[in-house]
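Chemist:
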Amino acid sequence: MSEHSPSSQGIPGTSRRRFLTGTGSLLGGAALAGAFAAPARAEVPGLDVRPIPDGSQVRALVVGTGYGGSVAALRLARAGVDVHMIEMGTAWDTAGPDGKIFANTTTPDYRSFWLRTRTKQPLSQFLGFPLDKDVPRYTGILDAEDFAGITVYQGRGIGGGSLVNGGMAVTPLRERFPEILPTVDPAEMYATYYPRANAGLGVTSVDTAWWESTDAYQYARVGRKHAQRSGFPFVFVPNVYDWDYMKQEAAGAVPKSALAGEVIYGNNHGKKSLQKTYLAQAAATGRVTVSALHRVTSVTPAAAGGYTVAIDQIDTTGAVLASKTVRADRVFFAAGSVGTSKLLTRLKATGALPALNEHIGKGWGDNGNVMCGRANHMWDPTGKLQSAMPTAGIDNWDAGGAFAEVAPLPTGIETYASFYLSITRTPRRAEFTWNPATGRVDLSWDRAWKQTSVDMAKSIFDKINAKEGTVYRSDLFGAYKIWGDHLTYHPLGGAVLDRATDNHGRLHGYRGLYVIDGSLVPGNTSVNPFVTITALAERNIERIVAEDF
Ligand code: FAE
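Residue numbers for the sequence shown follow my numbering, beginning at 2 and rising by one.
Right, dumping it as C-alpha cells:
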C-alpha cells in the first residue's frame, strides 16, 4: 500500500448508511464544535445501493445518476418498470475521519477530486499564491477532466452534478428557448415540463427581505449595485438550497454548510441534491437499485435480444475489482454530456454499435462559460461571510450575449473582490473523435475559441469597471491572468436531440437505446443548464414510457 493510499489517511473502509453529521465547518466550526453532534441527517434516504451481480438480466439499465438518469429512473419505476442504475462514483453515504461526508471548500482532501494525485481547483491561485496541493488518489466528488483545449468539471457519485453544483435553478426566458432546443415545442415545455422539473427538484426563491439584510449576501448586493449603476438588468434566480436551513445557519442554530463555503466538493447540509429529491422519490417506489463504483464500458446488441452491457466494478483508487456482463432490455445513456458522448463515440468507432449515425459526438459546447473577478475599492467590501449558493445574475444576453452569475468567493476573509461566472452565446461547437493510437476519445475544442466568450463577458464588466473606477483581478487563474477561459462547468451536447436521436432521445440505429442527459442539448442554454436538462428529460421519458413500454 502506497504512502498516499487512502487507507493510510484514515479513510474508513466500511459504509454507514445512517450517520451522525459532523460538527466542524470552514468558517464557524471552531465556535460550534461539540454543539451539534446530533441530530442525524440521512444523506441517502433509503436508496437500495448494492453491486449488480454478474450475469444479471434487467429490464431498464440507466448509465449514470445525474439529472437525466434520475428522471428516467423515477418515471420508469412509477410506470412499473424495474430499473438498475449504474454509477461510477461512490454513494457518498459514509462519513470521513472528520465525521463529515464532504470536505471543506478551502481544505480539499482525498474526497474532493476524481482519481487525481493533485487537486486542480477552478481558481488555481489567490493573491499570487498557487492553491493546488497533493491529495491521495481516490474516487472523489469533482472530476476535472482534461481535454487538449479545455478542462471540464463534473460531479461524480450518486447524484452526479447535483452533488457539486451551485444549485442555481434557472428556467431560460421563453423567447430565448427556440435557440436552445430548436426542435422542441416551447408551449409544452413552459406549460408542463419546466414546472414539473422545478417541482421535482424542489426549486424555490430566496426570501428577498432576508437577502437584503444578511451579511452572507453582501457580495451579491454589491454585485447588484454595480450592475444597476451601469444600467444592466439584475435578476434574482431560484435555487434548490433549503432557505430555512440557511437562515438557521446564519442564526448559528445549525451546522453551517452554504455559509461555510461548501459547494464544489459537496454540501453536508441544506442543498437539495438529487439524493434528496428525484432519487429519494425513485427509492420510494421500491423498484430502483443502484450500483455505485461501477463503470459501464460497453453496450452491444445481444443475440437473444436487448443489449449486453459490460461493466467494471472499481475500488476507491480506480482499480478494477471485477468485470461483469449484464443483459438489459433497454439502456438509457445518462452519463452526462462528456460521459455519454465518449461512450457512444467509442462504441460506434470500435464496432460495438456501428449503426449509430454520423451525428454521434458532434455539437458539443461549453455553454460559453468564462470566469473573472473584479477588484473593488476598499470602501466597497464584499464581506468575509459569503453564502456559497448564488442567487442572482446580470442579464446582458440580448445586447451583449452574456448572462453573468454573481458568484461567491467564499474564502472566509475580506477580499474586496467581485466574482462572476458568465454564460455566453458562443457559436463554437466541438466534436468528440475516437483516437485508436491512444485508445482515448479526443475533443476538438480550441482554447482560442473562448475569446468570443471573453468579448461577450467584457460587454458587461468593461462598462462596470469604467463606471466604478475599478479593474479586473489578475491573480485568480494564474499570474497576471484575468480570464478563467480554460474550463467549463456546463458541458452540453455530443448526442444532440433530433440529430443523433429522434426528437425524444431514441438513438437512431438501435431500438431500445436512449440518451436522456445534457448531451441532447446542443451546446448552449443561455443560463445555467440543469433545469433545462431535467425538463427535457421529463418531456422525453413521458413519451418513451407511453410508447415504448
Ligand atoms: P451529470 O449530472 O453529470 O451525471 C452523469 C453521471 O454519470 C455522473 O454521476 C457520472 O459519474 C456518471 N457516469 C459517467 N460516465 C459513467 C459510466 N461510464 N458508467 C457509469 N456512470 C457514469 O449529467 N448547473 C446549473 O444549472 N446550476 C448551477 O448552479 C450549476 N453549478 C455547477 C457547478 C459546478 C462546479 C459544476 C461542475 C457544474 C455545475 N452545473 C450547474 C452544471 C450541472 O451540474 C450539470 O449541467 C448537470 O449535472 C448535468 O446533468 P446530466 O444529467 O447531463
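Ideal Cβ placement from N, Cα and C applies to all residues, glycine included.
1. With contact counted as at least three CB pairs below 8 Å, one residue from each stretch, are the region 390 to 410 and the region 445 to 462 in contact?
2. Measuring only the C-alpha atoms, how far is residue 77 from residue 197?
3. Using the C-alpha atoms, what's the distance from residue 488 back to residue 251?
4. Residue 444 lies in the beta strand (DSSP E); which residues open and close that run?
5. Less than 8 Å between the beta carbons of residue 505 and residue 545, yes or no?
6. Would a C-beta distance cut-off of 8 Å place residue 395 and residue 228 closer than the cut-off?
7. Going by DSSP in three states, residue 527 sits in which element: helix, strand or coil?
8. From the DSSP secondary-structure annotation, give me the bridge partner or partners of residue 406.
9. Compute the Euclidean distance between the alpha carbons of residue 351 and residue 239, then round it to the nearest angstrom.
10. Give a yes or no on whether the C-beta atoms belonging to residue 492 and residue 316 are separated by under 8 Å.
11. Could you tell me which residues DSSP pairs with residue 326 in its beta bridges?
12. Quickly, what does DSSP pair residue 87 with across the bridge? List them, please.
13. How would you call residue 89, buried or exposed, if buried means at least 16 neighbouring beta carbons within 10 angstroms?
14. Identify whether residue 131 lies in helix, strand or coil by the three-state DSSP scheme.
15. Assuming residue 112 contacts residue 154 (C-beta within less than 8 Å), just tell me the rounded distance between them.
16. Kindly indicate the opening and closing residues of the alpha helix (DSSP H) around residue 348.
17. On the three-pair Cβ rule with 8 Å, is the region 218 to 227 touching the region 374 to 394?
18. Tell me the residue span of the alpha helix (DSSP H) that contains residue 199.
19. Could you work out which residue in 195, 179, 246, 189 is closest to residue 211 when comparing CA atoms only?
20. So, under 8 Å CB-CB, residue 527 and residue 173 are touching, yes? Tell me the CB distance rounded to an integer number of Å.
21. Is there contact between the region 408 to 417 and the region 366 to 381, where contact requires at least three CB pairs shorter than 8 Å?
22. The alpha helix (DSSP H) spanning residue 211 covers which residue range?
23. Label residue 184 either buried or exposed according to how many other C-beta atoms from any shown protein chain fall within 10 Å of its C-beta, with 16 as the threshold for buried.
24. Starting from residue 147, trace the beta strand (DSSP E) in both directions and tell me its first and last residue.
25. For residue 548, count neighbouring Cβ atoms within 10 angstroms of its own Cβ and tell me buried if that reaches 16, exposed if not.
26. Going by Cα to Cα distance, which pick from 55, 274, 411 is closest to residue 106?
27. Three or more beta-carbon pairs under 8 Å between the region 78 to 85 and the region 161 to 170, yes or no?
28. Quick check: does the Cβ of residue 497 come within less than 7 Å of any heavy atom belonging to the ligand FAE?
29. Give the single residue among 496, 369, 421 whose Cα lies nearest to the Cα of residue 337.
30. Since residue 241 and residue 48 should fall inside the 8 Å C-beta cutoff, what is the C-beta to C-beta distance between them, to a whole number of angstroms?
31. For residue 190, is the classification buried or exposed, using 16 other Cβ atoms within 10 angstroms of its Cβ as the cut-off for buried?
32. Looking at the secondary structure, which residues open and close the beta strand (DSSP E) in which residue 412 lies?
33. Using the three-state DSSP reduction, which class does residue 478 fall into: helix, strand or coil?
34. What whole-angstrom Cβ distance do residue 289 and residue 74 have, given they're in contact under 8 Å?
35. Does the beta-carbon of residue 518, which I'm using as the reference point, lie nearer than 7 Å to any heavy atom of the ligand FAE?
36. Spatial neighbours of residue 427 within its chain, please: C-beta separation below 6 Å, excluding the five flanking residues on both sides.
Modeler: Put simply:
1. yes
2. For the purposes of this step, residue 77 is taken as residue 76 along the sequence shown, with counting starting at 1. For the purposes of this step, residue 197 is taken as residue 196 along the sequence shown, with counting starting at 1. Roughly 16 Å between the two C-alpha positions.
3. Sequence index remark: in the sequence shown, residue 251 carries index 250 (1-based). Sequence index remark: in the sequence shown, residue 488 carries index 487 (1-based). Going by the C-alpha atoms only, they are around 32 Å apart.
4. As a first step, residue 444 is located in the sequence shown; it is residue number 443 there, counting from the start. That run of the beta strand (DSSP E) goes 441 to 444.
5. For this step, residue 505 is matched to residue 504 along the sequence shown. For this step, residue 545 is matched to residue 544 along the sequence shown. Going by C-beta atoms, residue 505 is nearer than 8 Å to residue 545.
6. Position 394 of the sequence shown holds residue 395. Position 227 of the sequence shown holds residue 228. Yes. Within cutoff.
7. Translated into the one-based positions of the sequence shown, residue 527 becomes position 526. Three-state DSSP puts residue 527 in coil, outside helix and strand.
8. Working through the sequence shown from its first residue, we reach residue 406 at position 405. Answer by DSSP bridge pairing, in chain order: 394, 422.
9. In the sequence shown, counting from the first residue as 1, residue 351 sits at position 350. In the sequence shown, counting from the first residue as 1, residue 239 sits at position 238. Computed Cα separation, rounded: 43 Å.
10. Working through the sequence shown from its first residue, we reach residue 492 at position 491. Working through the sequence shown from its first residue, we reach residue 316 at position 315. Taking 8 Å as the Cβ cut-off, residue 492 and residue 316 do not qualify as a contacting pair.
11. Taking the first residue of the sequence shown as 1, we reach residue 326 at position 325. Beta-bridge pairing links residue 326 to 311.
12. Locating residue 87 in the sequence shown gives position 86, counting from the first residue. Answer is 64, 292.
13. On the sequence shown, residue 89 is found 88 positions in, with the first residue counted as 1. So residue 89 ends up on the buried side.
14. Position 130 of the sequence shown, counted from the start, is the residue given in the question as residue 131. It is a strand residue.
15. Within the sequence shown, numbered from 1, the residue matching residue 112 stands at position 111. Within the sequence shown, numbered from 1, the residue matching residue 154 stands at position 153. Contact flag wrong, Cβ pair sits at about 16 Å.
16. The sequence position of residue 348 within the sequence shown is 347, counting from 1. Taken as a continuous stretch (DSSP letters only), the alpha helix (DSSP H) holding residue 348 covers 337 to 350.
17. yes
18. In the sequence shown, the residue the question calls residue 199 occupies position 198. 195 to 202 is the extent of the alpha helix (DSSP H) around residue 199.
19. Your numbering for residue 211 matches position 210 in the sequence shown. Comparing Cα positions, the closest option is 246.
20. Mapped onto the sequence shown, residue 527 falls at position 526. Mapped onto the sequence shown, residue 173 falls at position 172. Contact flag correct, Cβ pair sits at about 5 Å.
21. yes
22. Position 210 of the sequence shown, counted from the first residue, corresponds to residue 211. First-last of the alpha helix (DSSP H) with residue 211: 209 to 214.
23. Locating residue 184 in the sequence shown gives position 183, where the first residue counts as 1. With fewer than 16 other Cβ atoms within 10 Å, it is exposed.
24. If you number the sequence shown from 1, residue 147 lands on position 146. Run containing residue 147: 143 to 147, per the beta strand (DSSP E) assignment.
25. As a working note, residue 548 is residue 547 in the sequence shown. Residue 548 comes out exposed.
26. Position 105 of the sequence shown, counted from the first residue, corresponds to residue 106. It is 411 whose Cα lies nearest to the Cα of residue 106.
27. no
28. For the purposes of this step, residue 497 is taken as residue 496 along the sequence shown, with counting starting at 1. No - the ligand FAE has no heavy atom lying nearer than 7 Å to the Cβ of residue 497.
29. Counting from 1 along the sequence shown, the entry for residue 337 is found at position 336. If we check each option's Cα against that of residue 337, 496 comes out closest.
30. Mapped onto the sequence shown, residue 241 falls at position 240. Mapped onto the sequence shown, residue 48 falls at position 47. Not really, about 18 Å apart at Cβ, beyond 8 Å.
31. Stepping through the sequence shown from its first residue, residue 190 is reached at position 189. Buried, because 16 or more other Cβ atoms sit within 10 Å of the Cβ of residue 190.
32. Sequence index remark: in the sequence shown, residue 412 carries index 411 (1-based). Premise fails: residue 412 is in no beta strand (DSSP E) and is neither H nor E.
33. As a position in the sequence shown, residue 478 is number 477, starting the count at 1. In this structure, residue 478 counts as coil in the three-state DSSP scheme.
34. For this step, residue 289 is matched to residue 288 along the sequence shown. For this step, residue 74 is matched to residue 73 along the sequence shown. Yes, residue 289 and residue 74 are in contact; Cβ-Cβ is about 5 Å, under 8 Å.
35. Translated into the one-based positions of the sequence shown, residue 518 becomes position 517. Residue 518: yes, Cβ under 7 Å from the ligand FAE.
36. Position 426 of the sequence shown, counting from 1, holds the residue named residue 427. Same-chain partners within the cutoff: 369, 453, 454.
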